[in-house]
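J.: Chains as they are written, first to last, in numbering that gives the first Met the number 0: chain P, 0 to 341; chain R, 0 to 341; chain G, 0 to 341; chain L, 0 to 341. Think of the CB as a built atom: it goes at the ideal place given N, C-alpha and C, for glycine as much as any other residue. Below is one structure. I have some questions about it.
Number of protein chains: 4
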Amino acid sequence: MENNRINVGIVGLGRLGRIHANNLRNKIPNINLIAACSVVDSELDYAKSELACEKVFKDYDEMVNDEEIDAVVIVSPSSLHCNQITKALEAGKHVFCEKPLGDNIEEMEDVKAAVAAHPNQVFMLGFMRRFDPSYQYAKEIVDRGEIGEITLMRCYGIDPHEGMASFVEFAKNSKSGGLFLDMAVHDIDLIRWFTGKEFKSVWALGNNIAYPELDELGDTETGAALCRLEENKIGILVSGRNSAHGYHVETEIIGTKGSLRISNLQEKNLVTVLNDQGVIRPTSQNFPERFKDAFVNELEAFSEYILNGTPSSITVEDGIQGTKVALACGLSLENNEIVSVN
Amino acid sequence: MENNRINVGIVGLGRLGRIHANNLRNKIPNINLIAACSVVDSELDYAKSELACEKVFKDYDEMVNDEEIDAVVIVSPSSLHCNQITKALEAGKHVFCEKPLGDNIEEMEDVKAAVAAHPNQVFMLGFMRRFDPSYQYAKEIVDRGEIGEITLMRCYGIDPHEGMASFVEFAKNSKSGGLFLDMAVHDIDLIRWFTGKEFKSVWALGNNIAYPELDELGDTETGAALCRLEENKIGILVSGRNSAHGYHVETEIIGTKGSLRISNLQEKNLVTVLNDQGVIRPTSQNFPERFKDAFVNELEAFSEYILNGTPSSITVEDGIQGTKVALACGLSLENNEIVSVN
Amino acid sequence: MENNRINVGIVGLGRLGRIHANNLRNKIPNINLIAACSVVDSELDYAKSELACEKVFKDYDEMVNDEEIDAVVIVSPSSLHCNQITKALEAGKHVFCEKPLGDNIEEMEDVKAAVAAHPNQVFMLGFMRRFDPSYQYAKEIVDRGEIGEITLMRCYGIDPHEGMASFVEFAKNSKSGGLFLDMAVHDIDLIRWFTGKEFKSVWALGNNIAYPELDELGDTETGAALCRLEENKIGILVSGRNSAHGYHVETEIIGTKGSLRISNLQEKNLVTVLNDQGVIRPTSQNFPERFKDAFVNELEAFSEYILNGTPSSITVEDGIQGTKVALACGLSLENNEIVSVN
Amino acid sequence: MENNRINVGIVGLGRLGRIHANNLRNKIPNINLIAACSVVDSELDYAKSELACEKVFKDYDEMVNDEEIDAVVIVSPSSLHCNQITKALEAGKHVFCEKPLGDNIEEMEDVKAAVAAHPNQVFMLGFMRRFDPSYQYAKEIVDRGEIGEITLMRCYGIDPHEGMASFVEFAKNSKSGGLFLDMAVHDIDLIRWFTGKEFKSVWALGNNIAYPELDELGDTETGAALCRLEENKIGILVSGRNSAHGYHVETEIIGTKGSLRISNLQEKNLVTVLNDQGVIRPTSQNFPERFKDAFVNELEAFSEYILNGTPSSITVEDGIQGTKVALACGLSLENNEIVSVN
């Protein structure tokens with residue numbers, strides 16, 4: 000680390016990878032994006048031409064062993080996360096990894112052990128909603144006790160229907176993680192973050208009324224789960240892939256003295272249109288738009304954890320619990336029964 | 000008056016006349032609508048078949064001299080208002096008259112004298128917005144001092160564009176009262192009601208960008224007036240005939256400690272539609288819809304003034320001032336100069 | 000029935016009874032409220048002095064056998080509903096009964112048989128939300144197919160916290176019907192009305208974080224149920240007794256092509272207050288305020304069903320299903336298991 | 000300029016100066032902030048310690064003649080703007096200058112000549128609202144013709160009342176530019192930008208109801224101006240210093256086919272609070288918060304104009320017209336007469 004600037008290598012330059020890479024390059028003054036790793040040639044070309052990365056790697060092991068690199072940012076396919084995290088930690092690097100931590104409980108426990116074995120390296124998971132200005136503002140209100148104690152939380156995560164046709168095509172050839180692992184992991188994390196409580200049991204329902212062909216493919220378009228948390232607090236999850244009006248992420252926090260709603264109506268910006276439809280608020284259309292600031296803020300936090308030697312506010316346990324709850328929802332949906340989380 | 004029920008005769012059964020007549024018949028328990036007067040045969044047929052009026056008159060003088068009638072409700076063309084009010088008062092009847100009081104200052108002064116000469120008869124002018132639940136709620140907030148002292152009021156009154164084509168046809172054959180007398184009289188009354196102050200001087204602008212043919216017809220589609228009131232309070236009027244999203248009546252009251260907005264966004268009801276346009280609040284489309292309750296409430300108030308022997312909260316002076324300000328705006332628009340109101 | 004006016008007797012003049020009675024007297028032109036029945040003297044005094052009822056009864060049987068009476072409106076305690084309905088039908092009267100139909104399945108089946116045995120008499124249950132202008136507007140949008148097919152509905156019914164202290168006192172002495180029967184019956188009816196589907200199974204959760212003393216009393220403050228309907232449509236119910244901001248009734252309808260929200264944010268009227276708290280929309284505080292129009296409209300419909308000889312749009316089966324689902328939620332909450340509805 | 004990075008010197012490190020400086024340092028990858036100039040020692044200390052500026056200057060002439068510097072960013076007191084712009088242009092530098100361009104017509108004309116004499120250097124004025132994402136979104140809608148032709152614009156610019164006490168103190172010792180030059184210059188620019196038309200004449204009103212002591216000091220708390228533009232388009236300006244709910248910047252654009260409202264209700268973020276006040280949207284409290292993105296975006300645009308050799312979208316003429324209209328409003332307020340702008 001020279002001049003307090005952290006040298007970073009990124010792995011994975013797909014859609015989200017490029018968002019992170021550009022933020023690392025242009026928006027985080029304390030970070031130097033010097034390296035990129037991918038098995039896809041065009042992604043390495045992008046790293047050289049657009050990101051001005053000095054070093055590009057086809058082999059992840061090579062990158063994590065490069066001495067110049069201080070930290071690794073992992074935006075590869077989910078199934079690779081656990082293995083790549085462990086390797087980077089063992090090579091002495093700080094690690095930022097996109098969610099989900101993984102989809103396999105055993106592998107995630109291995110990561111937990113690896114993180115514990117390297118207490119001086121930052122490990123952070125990309126639950127970026129915690130860094131969204133609106134969620135942070137809500138968290139402060141909750142922490143000041145202004146809405147009393149939380150009794151119920153309701154979280155929506157529904158993708159825009161524009162992506163639906165291509166998702167059906169995708170689902171024909173490969174398994175998604177299932178509706179709840181795909182869509183609800185962020186919501187599960189929000190419920191744990193705001194309430195400070197763990198999930199105990201869940202019951203999930205789903206249907207494919209909009210896309211009946213998904214039934215055969217074993218996937219789900221619209222789903223909901225009712226969740227019992229510690230102290231009988233209640234969590235409601237609604238997940239879907241077919242929102243007509245855009246990318247719908249909404250959170251409600253009901254407390255004994257008041258309630259909060261975050262993104263109750265998905266405003267895109269501050270413009271209101273009045274035309275022959277009525278009074279219209281345009282809506283956010285996708286996650287890069289909705290969470291533009293959050294993606295920058297989480298990487299800024301990552302750099303500060305490294306520079307200040309403080310541990311990450313998002314831990315490996317957060318990742319494990321998020322996946323466990325999502326898998327329990329999936330199992331409940333499959334078997335139509337109440338499923339215990341731990 | 001038998002059993003505390005007031006016998007009412009109505010004159011004029013056009014669009015608004017029928018609204019009043021049906022409210023009188025079905026919604027105001029203390030009123031008996033027994034008579035109707037019109038020069039139009041089909042309106043008298045309507046009075047017999049739909050309103051079950053026992054008596055119908057072609058001649059207004061006959062109706063006001065009918066001994067059974069206690070009160071007259073005037074919904075005839077504006078130019079007839081003053082004369083009909085005076086006749087009814089002289090015949091000993093209570094009088095409710097639709098706005099505007101008139102368009103001729105001299106005639107209105109005559110009405111004022113007639114009202115003064117019959118202090119035991121109720122005279123009430125139909126500034127129904129004062130009876131709208133939202134305006135009443137706002138008035139209570141203002142009167143409790145919760146927004147401090149009023150410094151500025153802004154009032155919009157814009158008709159839906161659906162009516163525009165037929166208005167252009169109408170304007171080819173006859174003179175409307177002009178944009179401000181047509182549209183702003185209610186707004187002028189609201190400013191006087193909320194501030195308790197009179198208008199001192201106005202400057203008005205207008206254009207016909209949407210309907211240039213109105214230029215030749217000497218009428219105006221969109222206009223605005225800046226108004227100086229007593230104590231330098233400020234009034235802003237925006238009037239128009241071409242609102243794309245519906246009937247737009249909006250009022251803002253800025254005080255030294257806070258502000259109120261009434262009907263800031265013209266919600267039609269409590270439904271929100273989320274579709275590929277975004278988040279939509281449907282809007283009110285016309286005055287009978289928007290002011291449905293107000294039209295009932297004002298007639299209820301009229302009946303109570305009569306039964307309780309209390310004077311009307313809306314006076315002939317309110318009518319005179321409303322017209323004076325509207326005429327001053329029209330004159331200002333015509334001559335492009337600041338016009339004093341009194 | 001004289002002159003097409005229906006002579007009505009009402010039983011029960013508590014809070015809601017008086018609302019109905021005043022509407023019958025003043026707002027429904029085709030109805031003559033001539034009689035009232037109550038075991039409470041002060042209620043009969045009210046009937047005479049305020050409602051001008053010609054006849055008052057202490058004995059229900061006497062009232063239903065009065066030959067002058069055409070129809071009975073039942074606003075008595077829920078446990079009496081079934082018996083009173085049957086008696087009135089057998090006496091040849093039309094019947095309007097407040098919700099819930101009852102809390103005992105067997106009794107409700109008896110009512111069903113009585114209704115079937117008197118096909119020419121109107122029987123109507125007071126699910127007044129179906130007559131709220133906003134719900135009616137939403138129903139038209141759904142019926143026109145504008146949001147596609149319904150996949151999920153979410154319904155909130157939460158009483159204002161003002162009533163909470165008195166509810167705790169009440170619960171010490173007597174059993175409420177339980178949270179879901181108390182609060183969710185209207186929501187269950189809305190889901191059945193909008194989707195046209197029946198409930199299959201439910202899982203309910205609850206807590207008393209705001210009022211732990213309710214645990215001992217065997218009642219619940221905040222609850223939620225996840226419900227599977229026919230065709231795997233999903234219903235979410237949230238019920239509570241402790242809303243800080245007022246009377247919170249909210250409904251969301253997610254369809255394959257769009258969504259609707261009714262009363263998403265509980266606007267009281269069209270006023271927006273801007274003060275040092277921010278931008279505030281005042282909220283409805285109780286059901287008489289929120290559903291003022293619906294209470295009138297449902298009685299108007301009742302009178303039209305009678306006069307036109309058409310059957311009620313709300314049937315005894317609607318009442319039975321509503322109670323069955325609510326009882327299933329209660330059972331699920333008690334036993335923490337998924338409960339089938341039929 | 001090395002490696003396509005522009006070396007920038009800034010003059011003025013007050014509140015707004017520090018916002019610009021931090022953006023230049025951290026948010027604009029193509030810019031190197033290498034120098035700062037101020038007559039205040041503490042500001043130069045800040046430049047060295049917080050901004051890592053290599054060079055600091057007490058003398059502006061010295062800075063503009065430094066050969067390493069490519070561009071100058073001027074955030075000094077308004078009265079110095081014109082002189083400093085001219086000097087920088089003559090020294091061959093690109094120039095970004097905060098609004099207003101100046102308060103003296105003659106000086107501004109000199110700047111205009113200097114800009115014309117250096118056509119290859121970028122000159123840009125900081126009308127940052129044009130770079131706010133919501134205003135940009137609105138501009139695209141207008142430019143696509145979706146609201147037809149603009150007939151009327153209404154612009155509010157009202158400072159939060161928190162600043163009022165200190166403003167009164169300030170006004171005792173020195174002259175502000177007057178309400179309209181202080182507050183409305185951005186609004187005037189928006190009207191010119193959206194309509195593409197120039198102002199012809201104005202009438203302005205004002206009062207000091209909240210702070211009567213301002214009367215003696217010759218300043219104004221609340222003001223409004225009605226403005227006639229080319230083609231009879233109408234502009235309404237409301238300016239103030241005493242907004243109870245925060246920093247109130249609101250713009251309405253009425254077109255022949257629809258309307259737009261930008262920041263109709265000053266939402267701070269996406270959080271809605273429901274408590275015993277009702278439904279609350281917290282509001283923006285100051286310009287750095289409301290226009291955080293706009294301040295970054297305008298400097299990004301400045302750097303791109305320089306690197307691409309394209310002229311600035313905001314010209315010296317925009318600055319001249321903005322000041323002329325604001326001065327005309329001030330004159331109108333002083334003399335209570337209609338004032339022509341050119």
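Relative to the alpha-carbon of residue 35/L, which residue among 26/L, 29/L, 20/L has its alpha-carbon at the smallest distance?
T.: Nearest of 26/L, 29/L, 20/L to residue 35/L, Cα basis: 20/L.
J.: When Cβ atoms are compared, which residues of the segment 236-264 of chain G fall closer than 9 Å to chain P?
T.: Answer set for the segment 236-264 of chain G: 237, 239, 241, 242, 243, 244, 247, 253, 254, 255, 256, 257, 258, 260, 263, 264.
J.: Got a sec: which bits of the segment 128-158 of chain L sit with their beta carbon under 9 Å from any beta carbon on chain R, in order along the chain?
T.: Listed in sequence order: 146, 147, 148, 149, 150, 151, 153, 157.
J.: Can residue 125/L be considered in contact with the ligand FAD, in the sense that its beta carbon sits closer than 7 Å to one or more heavy atoms?
T.: No copy of the ligand FAD occurs in the structure displayed, which carries no ligand at all.
J.: For residue 221/P, decide whether its Cβ has a neighbour in chain G, counting only Cβ atoms nearer than 8 Å.
T.: It does: the Cβ of residue 221/P has a partner Cβ on chain G nearer than 8 Å.
J.: At what residues does the beta strand (DSSP E) containing residue 158/R begin and finish?
T.: Start and end: 149-159.
J.: Between residue 14/R and residue 30/R, which are expected to be in contact by the criterion C-beta below 8 Å, what is the C-beta distance as a whole number of angstroms?
T.: Not confirmed; about 20 Å, so no contact.
J.: Which residues, in chain order, does the segment 270-295 of chain G contribute to contact with chain R at a C-beta distance below 8 Å?
T.: Those would be 270, 271, 272, 273, 274, 275, 281, in chain order.
J.: Is DSSP giving residue 228/G helix, strand or coil here?
T.: Looking at residue 228/G - three-state DSSP - the assignment turns out to be strand.
J.: How close, in whole Å, do the beta carbons of residue 228/L and residue 197/L come, if the pair is a contact with beta carbons under 8 Å?
T.: The pair is a contact, with the Cβ atoms about 7 Å apart (cut-off 8 Å).
J.: With H, G and I counted as helix, E and B as strand and the rest as coil, what does DSSP make of residue 260/P?
T.: Strand at residue 260/P.
J.: Which two residues bound the contiguous beta strand (DSSP E) that contains residue 203/P?
T.: Where residue 203/P is concerned, the enclosing beta strand (DSSP E) stretches over 198-206.
J.: If you measure beta-carbon to beta-carbon, which residues of the segment 24-45 of chain G are closer than 8 Å to chain R?
T.: From the segment 24-45 of chain G, only 24, 25, 26, 28 have a Cβ closer than 8 Å to chain R.
J.: Could you tell me which residues DSSP pairs with residue 280/P in its beta bridges?
T.: Residue 280/P is bridged to 278/R.
J.: What residues in its chain sit with their C-beta under 7 Å from that of residue 280/G, if we drop five residues either side in the sequence?
T.: Correct list, in chain order: 264, 266, 271.
J.: Whole angstroms is fine: what's the gap from residue 138/G's alpha carbon to residue 254/G's?
T.: Each residue's Cα considered, the two are about 13 Å apart.
J.: Using beta-carbon positions only, say whether residue 111/R and residue 315/R come within less than 8 Å of one another.
T.: Yes. Within cutoff.
J.: Look at the alpha carbon of residue 321/R and the alpha carbon of residue 127/R, and state the distance between them as a whole number of angstroms.
T.: Cα to Cα, the separation comes out at about 14 Å.
J.: Does the beta-carbon of residue 232/P have 16 or more other beta-carbons within 10 angstroms, so that it is buried, or is it exposed?
T.: Under this definition residue 232/P is a buried residue.
J.: Distance, Cα to Cα, residue 23/L vs residue 100/P?
T.: Between residue 23/L and residue 100/P, the C-alpha separation is close to 36 Å.
J.: Say whether chain L places a C-beta atom closer than 8 Å to the C-beta of residue 108/P.
T.: Not an interface residue.
J.: Under the DSSP definition of a beta bridge, which residues are partnered with residue 236/L?
T.: According to DSSP, which records beta bridges pairwise, residue 236/L is partnered with 154/L, 224/L.
J.: Under a Cβ-count criterion, where at least 16 other Cβ atoms within 10 Å of its own Cβ denotes burial, should residue 335/P be classed as buried or exposed?
T.: Exposed, because fewer than 16 other Cβ atoms sit within 10 Å of the Cβ of residue 335/P.
J.: Compare the C-beta of residue 199/G with all C-beta atoms of chain P and state if any pair is closer than 8 Å.
T.: Output row for residue 199/G: interface = no.
J.: One question on the structure: do residue 123/R and residue 95/R come within less than 8 Å of each other, judged by their Cβ atoms?
T.: Going by C-beta atoms, residue 123/R is nearer than 8 Å to residue 95/R.
J.: Relative to the C-alpha of residue 368/P, which residue among 331/P, 323/P, 328/P is closest?
T.: Residue 368/P lies beyond the residue range present for chain P, which begins at 0 and ends at 341; the question has no answer from this structure.
J.: Can you have a look at residue 172/P and say buried or exposed, based on whether 16 or more other CB atoms are within 10 angstroms of its CB?
T.: Exposed.
J.: Shortest alpha-carbon distance to residue 130/L belongs to which of 291/L, 212/L, 222/L, 247/L?
T.: Out of 291/L, 212/L, 222/L, 247/L, 291/L has the C-alpha closest to the C-alpha of residue 130/L.
J.: With which residues is residue 43/R paired in a DSSP beta bridge?
T.: DSSP lists no partner for residue 43/R.
J.: Select from 192/G, 158/G, 48/G the residue whose C-alpha is nearest the C-alpha of residue 244/G.
T.: Ranking the options by Cα distance to residue 244/G, first place goes to 158/G.
J.: Thinking residue 193/L and residue 149/L are a contact (beta carbons under 8 Å), I'd like their distance in whole angstroms, please.
T.: Right, the Cβ-Cβ distance comes to about 6 Å (below 8 Å), so this counts as a contact.
J.: Within 10 angstroms of its Cβ, does residue 289/G collect 16 or more other Cβ (buried), or is it exposed?
T.: By the neighbour-count rule (16 or more Cβ atoms within 10 Å), residue 289/G is buried.
J.: Considering only C-alpha positions, which residue in the set 216/G, 134/G, 188/G, 207/G is nearest to residue 168/G?
T.: Residue 216/G is the option with its Cα nearest to residue 168/G.
J.: Are any of the Cβ atoms in chain L nearer than 8 Å to that of residue 170/R?
T.: Not one chain L Cβ lies under 8 Å of residue 170/R.
J.: According to DSSP, is residue 319/G helix, strand or coil?
T.: Of the three classes helix, strand and coil, the one that applies to residue 319/G here is helix, per DSSP.
J.: Of the choices 293/P, 12/P, 107/P, 303/P, whose alpha-carbon is the least far from that of residue 74/P?
T.: Cα-wise, what sits closest to residue 74/P is 12/P.
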